[in-house]
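Undergrad: Sharing a structure here in structure tokens format.
Protein chains in written order, with this note's numbering: chain Z, 1 to 293; chain E, 1 to 439.
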């Protein structure tokens, strides 16, 4: 009986259907899409896709924005200048500061950069300025605010980009969160309450911005971003050099204690970037600041 | 028993082997092509229709019935780019954009870069209902009906009509014409009214008139037949001659729709059988109805307000130049307005922060004329230091304590969403106005 069943199944298996010879292997990546001849697309292909394997997405695609949020796309005329700025103020400084030179960004530059013209409006009155997704995509907002020489926009935008890229660095090189916890463990704010902080209270907590108080990962990314984008004398004056406190001014004393913690974290980050990431972050900062001029 | 099983399996084998693989080519296909091919064919047909018109498409875009009409011209090019002209904001956002005809759940048209459509999408905190991602609803060679992709409930519509040779230039000629409808255009007179007069000059009805530039609506307030205040927010459309109400509106028994601009008198006039409806500026409000005067300075509103001069980022720009200049000449940069201050026995006062560091308190008693105005009746002075000189404030005192009083209107100038702002307009000299926000 068993033999009979097995024989029948084999026969069925052999004889089942005949059309498989029509299925042919095909390239699943080409999908028959014709390469664009548009000069902007050609530029982005040459400068980003061919060099860094990165696609600059400047045409609006709603899947990059959550369904309950709003945003608008960039003005076409601003895409190339902002793309050039990305090369100048993000890629080039890393190329100079990385031990491995250009191959660092060849490997770690995000696979996708999404450009949006507006901020992302969250529907609750707040806005989002940037997003880093799983180490592969960074969303750059407010492109429509860009104009040549608008250094405030450039500084703020690249603060966001360097913040988001710090998360990508962290995801690839596993920053030791514990070392920040040892410095500021009890100073982080409870969920959702960071927006009630101001610069002074953030400094007293040992962080460079209110947002940095929200979680150790954000503290790390904000520190990295501010180290890179703040002129060193300004960073020193705001975040490191102690104030002369009047007698009884406990807030002032707290800020100075916070500054000591910022100094410790600063040292930790410089060391981490040097030894673990292979990037001289102070050289990176100098190159970034040079790129603004 | 074993033999019976054998027979069953042999029969099963025969049935399966003869019936399982029917000859596919004997089944008549429902469609001639595969799904992907049919979708691509439909999308390419849509593109063919959008690209075809030599003179592109014209659109009278009224995202929802609550807002006015924006005239837009769009030409879809074969290479995936667009040419756009509109009458919104002098065409500042009539920018080139790429477009995409693709499919997500349904076939869609997406304007992929920032244009006037995106500008309108952003207006009023995305409240205008405009769209830049559309679903194809009905596609004909001379008319295309699209619906919003993202509207959650009722999806707004947009209709593309095949344009003629002059439509583009006609729309471009409308650019900037809404300046002349804008409040305060070409005049120093503050109040704007609509007056409806019979052929013999008798006033049949009157009310206040104002224009919302971004929503492209007119707001008319008038006294209803029951003595109530009627507020009409009316969508408008620009014309070369003036403007039209999108739908006719009845005010005081008169139906009005089309207005023609008269440059000489800076008025808009509608003439229906000799009955003239005129939108004009004057020194008096079109309707004496300022209900904010009732609650201004009470616990129901706010009891503490601040005015900053133009040296501050908190300066509110509806303040008139005359008031600003007088304040600057008087030597103060900040003026607090406190009502019922419990710290000082419930008194109300103006607190001037003088540029020399002195503080001057001008105490008053509030008098409200219901639904009309508020008057500050002067009752005393206090200074810090005691010997502070306040002689430079004489003209400002005369203005603030003018017995004719102040109209109070709520505005949207405050930088803080939970703190309201108000404009106070001197009833005798409306060119003196100052704007404050609540604290």
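Think of the CB as a built atom: it goes at the ideal place given N, C-alpha and C, for glycine as much as any other residue.
1) Out of 124/Z, 250/Z, 255/Z, state which residue places its alpha-carbon closest to the alpha-carbon of residue 239/Z.
2) Any beta carbon of chain Z sitting closer than 8 Å to that of residue 22/E?
3) So what does DSSP say about residue 160/E, is it helix, strand or coil?
4) Let me confirm a value: residue 343/E is counted as buried when at least 16 other C-beta atoms fall within 10 Å, else exposed. Which label applies?
5) Once DSSP output is grouped into helix, strand and coil, what is the label at residue 244/Z?
6) With DSSP as the reference, identify every bridge partner of residue 138/Z, one or two as the case may be.
7) Apply the 10 Å Cβ neighbour rule to residue 258/Z and answer buried if 16 or more other Cβ atoms are within range, or exposed otherwise.
8) Where does residue 207/Z fall in DSSP's three states?
9) Is the shortest distance between the beta-carbon of residue 245/E and the beta-carbons of chain Z less than 8 Å?
10) Just how far apart, CA to CA, sit residue 47/Z and residue 91/Z?
11) Along the stretch 105-122 of chain Z, where does the CB come closer than 8 Å to a CB of chain E? Name the residues.
12) If the cut-off is 9 Å on Cβ atoms, which residues from the stretch 53-81 of chain Z count as contacting chain E, listed in chain order?
13) Mind checking if residue 192/E is an interface residue toward chain Z, Cβ cutoff 8 Å exclusive?
14) Residue 205/E lies in the beta strand (DSSP E); which residues open and close that run?
15) Would you report the Cα separation of residue 172/Z and residue 179/Z, rounded to the nearest angstrom?
16) Going along the chain, which residues of its own chain have a beta-carbon closer than 6 Å to the beta-carbon of residue 375/E, five neighbours each way excluded?
17) Go ahead and label residue 428/E buried or exposed: buried means 16 or more other beta carbons lie within 10 angstroms of its beta carbon, across all protein chains shown.
18) Report the CB separation of residue 208/E from residue 195/E in whole angstroms; it is logged as a contact under 8 Å.
19) Given a cut-off of 8 Å on the beta-carbon distance, is the pair residue 158/E and residue 256/E in contact?
20) Indicate whether at least one CB of chain Z lies closer than 8 Å to the CB of residue 122/E.
21) Alpha carbon to alpha carbon, how far is residue 163/E from residue 175/E?
22) If you run the structure through DSSP and keep just helix, strand and coil, what is residue 122/Z?
23) On the DSSP letters alone, give me the boundaries of the alpha helix (DSSP H) that residue 153/Z sits inside.
24) What does residue 144/Z reach in chain E if we use C-beta pairs closer than 8 Å?
25) Tell me which residues of the stretch 94-106 of chain E have at least one Cβ-Cβ distance to chain Z shorter than 7 Å, keeping chain order.
26) By Cβ distance below 7 Å, which residues in the same chain neighbour residue 181/E in space, the five residues on each side in sequence not counted?
27) Please classify residue 222/E: does DSSP put it in a helix, a strand, or coil?
28) Rounding to the nearest angstrom, what Cα-Cα distance links residue 435/E and residue 219/E in this structure?
29) Compile a chain-ordered list of the residues in the stretch 62-80 of chain E whose CB is closer than 9 Å to at least one CB of chain Z.
30) Just to confirm my understanding: we take residue 199/E, look at its own chain, exclude 5 residues before and 5 after, and list those with CB closer than 7 Å. What are they?
31) At what residue ranges does the stretch 316-386 of chain E contain a whole run of the alpha helix (DSSP H), taking only runs of 4 or more?
32) Tell me where the beta strand (DSSP E) around residue 242/E begins and ends.
33) How about residue 110/E: is its C-beta nearer than 8 Å to some C-beta of chain Z?
34) In angstroms with no decimal places, state the Cα-to-Cα distance between residue 25/Z and residue 107/E.
35) Based on the DSSP secondary-structure assignment, which residues constitute the bridge partners of residue 418/E?
36) Our contact map puts residue 235/Z next to residue 226/Z with C-beta atoms below 8 Å; I'd like the distance itself, whole angstroms only.
TA: According to the structure data:
1) Minimum Cα-Cα distance from residue 239/Z among the listed residues 124/Z, 250/Z, 255/Z corresponds to 255/Z.
2) Any reading at residue 22/E needs caution, since the residue's pLDDT is 48, under 50, leaving its predicted position unreliable; the model's value is listed next. For residue 22/E, the answer is no, since every Cβ of chain Z falls outside 8 Å of its Cβ.
3) In the structure shown, residue 160/E sits in a strand (DSSP, three-state: E or B).
4) Around the beta carbon of residue 343/E, a 10 Å sphere encloses fewer than 16 other beta carbons of the protein chains shown; the residue is thus reported as exposed.
5) In this structure, residue 244/Z counts as coil in the three-state DSSP scheme.
6) DSSP lists 113/Z, 132/Z as partners of residue 138/Z.
7) So residue 258/Z counts as buried.
8) Of the three classes helix, strand and coil, the one that applies to residue 207/Z here is coil, per DSSP.
9) Not an interface residue.
10) The alpha-carbon atoms of residue 47/Z and residue 91/Z are separated by roughly 11 Å.
11) Those residues of the stretch 105-122 of chain Z that come within reach of chain E (Cβ to Cβ, closer than 8 Å) are 117, 118, 121.
12) Residues passing the 9 Å Cβ filter: 58, 59, 60, 61, 62, 63, 67, 70, 72, 73, 74, 75, 76, 77, 78, 79.
13) Chain Z, which has no Cβ nearer than 8 Å to the Cβ of residue 192/E, makes this no.
14) Counting along the chain, the beta strand (DSSP E) containing residue 205/E begins and ends at 203-212.
15) So the alpha carbons of these two residues sit roughly 17 Å apart.
16) So the qualifying residues of the chain are 367, 405.
17) Exposed: under 16 other Cβ atoms inside 10 Å.
18) Not really, about 11 Å apart at Cβ, beyond 8 Å.
19) Cβ distance not < 8 Å, so residue 158/E and residue 256/E don't count as in contact.
20) So yes, residue 122/E belongs to the interface.
21) Near 18 Å, if we compare the C-alpha coordinates of residue 175/E and residue 163/E.
22) Looking at residue 122/Z - three-state DSSP - the assignment turns out to be coil, as it is neither helix nor strand.
23) Residues 151-173.
24) Within chain E, the residues near residue 144/Z are 114.
25) Look at the stretch 94-106 of chain E: the residues with a C-beta under 7 Å from a C-beta of chain Z are 95, 96, 97, 98, 100.
26) Here the set comprises 211, 243.
27) Three-state result, residue 222/E: strand.
28) A direct Cα-to-Cα measurement between residue 435/E and residue 219/E gives close to 21 Å.
29) For the stretch 62-80 of chain E, which is checked against every Cβ of chain Z, the residues closer than 9 Å are 79, 80.
30) 274, 275, listed in sequence order.
31) As far as the stretch 316-386 of chain E is concerned, its whole alpha helix (DSSP H) runs of at least 4 residues are 321-330.
32) It spans 242-251 - the beta strand (DSSP E) in which residue 242/E sits, taken as one unbroken run.
33) Cβ-Cβ to chain Z under 8 Å: yes for residue 110/E.
34) Since pLDDT at residue 25/Z reaches only 47, below the 50 mark, its modelled position is unreliable, and the value read off the structure follows with that caveat. Residue 25/Z and residue 107/E have their C-alpha atoms some 29 Å from each other.
35) Within the DSSP bridge table, the entry for residue 418/E names no partner.
36) The pair is a contact, with the Cβ atoms about 7 Å apart (cut-off 8 Å).
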